[in-house]
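Protein chains in written order, with this note's numbering: chain B, 1 to 390; chain E, 1 to 134.
Just so you know, even glycine gets a beta-carbon here, dropped at the ideal spot from N, CA and C.
Step one of this worksheet: look at the structure below.
Below is the structure:
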């Protein structure tokens with residue numbers, strides 16, 4: 001019995017694939033599937049079809065034919081599809097991967113690929129996607145429409161690069177925050193679907209990474225939106241079931257000895273998730289994973305996080321030495337510097353850096369957090385006198 | 001997928017290249033300028049990058065709480081206030097480079113003599129809600 005949105009939406013790649021294989025163009029077929037989804041959602045529960053996939057295919061196919069017929073400019077196609085066999089048995093072909101490749105096509109900008117993936121693979125409505133990204137519905141409709149136009153000439157079965165797909169899913173996981181759709185959960189659902197369609201250790205690494213971060217979500221912010229740093233997170237709020245699953249998926253992927261960026265990131269997340277406290281975290285191993293990650297993605301952000309790990313694994317001074325080699329213009333550099341200087345006992349320097357970190361914070365929660373850090377140190381210095389500072 | 005505020009100023013911005021006050025323009029030049037702004041917003045709607053755009057009257061006032069049981073204190077506008085915002089446009093774009101590109105286009109709106117104003121626009125990134133991956 002399919003009665004929840006995500007379960008129903010999981011049928012979308014299959015249904016859309018059937019329509020395209022029958023000769024429907026991708027853009028019109030995608031609209032037709034959306035219409036079928038809406039009709040499905042409007043059904044009274046007692047009349048839910050026994051075979052939801054078949055039902056969606058039939059309704060979407062009819063919607064597609066209506067759309068094709070109503071558009072005079074599409075007369076040629078109407079004649080062509082008119083000769084196609086009528087909707088009948090649904091072939092058991094998995095089009096999930098083909099659909100992902102199309103929606104993450106390199107010709108699309110990241111925001112277009114994200115929007116198209118959420119609609120055409122995820123089955124979300126334009127309104128839901130617009131609300132999730134805080135833009136007007138008309139803007140999101142145009143973004144999706146242009147994305148469809150961009151990929152109109154791309155063959156449905158054209159092989160793609162799974163790395164571009166993973167990048168899009170990672171963006172979805174990491175960035176949508178508002179509205180009635182949990183985009184992190186949606187990204188996990190889509191990544192699970194992708195992992196079932198393609199056997200690739202990095203896809204499993206990405207899924208593990210998402211699960212391990214998602215497991216800690218409840219502890220990362222307080223009810224009032226305040227950011228809780230890792231050291232202060234209530235680990236009893238971590239979702240043990242997701243952690244176990246994430247570690248298991250990661251272990252299976254790592255055993256295949258085809259390392260990659262997402263597996264390395266997931267390994268770091270797993271070492272955090274597995275630790276009873278910050279002090280009991282295996283920081284030396286985390287540093288090793290950051291070194292491995294550098295071999296795949298030598299970015300200032302990776303080096304920044306590595307400096308934090310070195311500060312824990314060895315000493316704050318060594319962390320600061322590692323930090324000195326990182327471009328100080330990147331976001332959160334000052335926050336990391338403040339943390340390491342504080343641990344090094346240099347409270348005045350740290351307080352100044354926390355204030356600077358607040359000034360340059362990219363997010364509201366981060367800004368407020370760094371402001372509180374600066375305020376906390378100022379109070380310590382007033383109470384203790386400046387003697388502790390270097 | 002980052003939002004930027006493009007701020008247009010009545011005053012407070014550095015002087016534009018084509019520095020003629022709007023009230024000295026020919027009427028058709030004013031029309032051309034307004035038309036350009038309108039077309040720009042329409043085009044950004046079509047590219048899926050438009051979020052919001054509004055124009056502000058220069059007649060503002062300052063308001064503050066003046067104590068329990070008292071009406072809010074209203075003052076100004078102060079002639080000496082350096083910075084006066086004329087309006088804004090909010091865009092949602094893939095990169096900082098794209099935000100700069102669009103601000104550059106907006107700044108090329110035609111002014112006196114039909115030539116681009118080259119006015120300075122303030123470009124301010126929105127603070128976001130933090131990422132899921134720490």
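What runs of the alpha helix (DSSP H), each 4 residues or longer, lie entirely inside the stretch 195-251 of chain B?
Correct list: 201-214, 217-220.
Starting from the C-beta of residue 290 of chain B, find all residues in its chain whose C-beta is less than 6 Å away, skip the five residues before and the five after it, and write them out in chain order.
306, 309
Note down the Cα distance separating residue 123 of chain B from residue 56 of chain E, rounded to an integer number of angstroms.
Spanning the two alpha carbons is a distance of roughly 40 Å.
With a CB to CB cut of under 6 Å and the five nearest residues on each side skipped, what residues in its chain are close to residue 331 of chain B?
362
Kindly confirm or deny that the stretch 354-372 of chain B and the stretch 222-230 of chain B touch, where touching means at least three C-beta pairs closer than 8 Å.
yes
Straight-line gap, residue 328 of chain B to residue 133 of chain B (C-alpha atoms, nearest Å)
29 Å
Express the C-alpha separation of residue 287 of chain B and residue 322 of chain B in angstroms, rounding to a whole number.
The straight-line gap from Cα to Cα measures roughly 11 Å.
When you compare only the Cα positions, how much space is there between residue 12 of chain B and residue 366 of chain B?
37 Å
Selection of the stretch 129-150 of chain B by Cβ proximity to chain E, strictly under 9 Å:
133, 134, 135, 136, 138, 139, 140, 141, 142, 143, 144, 145, 146, 147
Who are the neighbours of residue 266 of chain B on chain E, taking C-beta pairs under 7 Å?
None at all; the shortest Cβ gap to chain E is about 11 Å.
Short check: CB of residue 137 of chain B to CB of residue 166 of chain B, under 8 Å?
no
Output yes if chain A places a C-beta closer than 8 Å to the C-beta of residue 300 of chain B; else output no.
Absence of chain A from the displayed structure is noted, the protein chains being B and E.
Tell me the rounded alpha-carbon separation between residue 384 of chain B and residue 235 of chain B.
31 Å
Spatial neighbours of residue 326 of chain B within its chain, please: C-beta separation below 7 Å, excluding the five flanking residues on both sides.
300, 303, 304, 307, 333
Please confirm if residue 130 of chain E has its CB atom under 8 Å from at least one CB of chain B.
Among the CB atoms of chain B, one or more fall inside 8 Å of the CB of residue 130 of chain E.
What does residue 50 of chain E touch in chain B if you count any residue whose Cβ is under 9 Å from its own?
135, 136, 138, 139, 142
Please classify residue 82 of chain E: does DSSP put it in a helix, a strand, or coil?
coil
Which listed residue (E/129, E/125, E/107, E/113) has its alpha carbon closest to that of residue 9 of chain E:
E/107
Check each candidate in B/59, B/352, B/156, B/163 and name the one with the smallest Cα separation from residue 17 of chain B.
B/156
Is residue 89 of chain E buried or exposed, if buried means 16 or more other CB atoms sit within 10 Å of its CB?
The residue in question, residue 89 of chain E, is buried, as its Cβ has 16 or more Cβ neighbours within 10 Å.
Would you mind reading off the limits of the beta strand (DSSP E) that contains residue 116 of chain E?
Segment: none, residue 116 of chain E is in no beta strand (DSSP E) and carries neither H nor E.
Reducing DSSP to helix, strand and coil, say where residue 89 of chain E ends up.
strand
Where the alpha helix (DSSP H) containing residue 137 of chain B begins and where it ends
137-150
Since residue 92 of chain E and residue 110 of chain B should fall inside the 8 Å C-beta cutoff, what is the C-beta to C-beta distance between them, to a whole number of angstroms?
Not confirmed; about 12 Å, so no contact.
Rounded C-alpha distance that separates residue 221 of chain B from residue 130 of chain E
10 Å
Should residue 45 of chain E be flagged as near chain B, meaning a C-beta pair shorter than 8 Å?
yes
Where does residue 36 of chain E sit, in a helix, a strand or coil, going by DSSP?
helix
Residue from E/47, E/115, E/120, E/123 whose Cα sits closest to the Cα of residue 26 of chain E:
E/115
Check the C-beta distance from residue 29 of chain E over to residue 111 of chain E and give it rounded, since I have them as a contact under 8 Å.
7 Å
Exposure label - residue 26 of chain B; buried when at least 16 CB within 10 Å
The residue is buried, with at least 16 neighbouring Cβ atoms inside 10 Å.
Mind pulling the chain B residues with CB within less than 8 Å of residue 1 of chain E?
110, 111, 114, 133, 171, 175
Does DSSP put residue 122 of chain E in a helix, in a strand, or in coil?
strand
Just reading off the alpha helix (DSSP H) that residue 262 of chain B is part of, what are its end residues?
261-273
What would DSSP say about residue 281 of chain B, mapped onto helix, strand or coil?
coil
Would you report the Cα separation of residue 15 of chain E and residue 21 of chain E, rounded to the nearest angstrom?
11 Å
Nearest neighbour of residue 294 of chain B, chosen from B/275, B/282, B/338, B/264 [CA to CA]:
B/264
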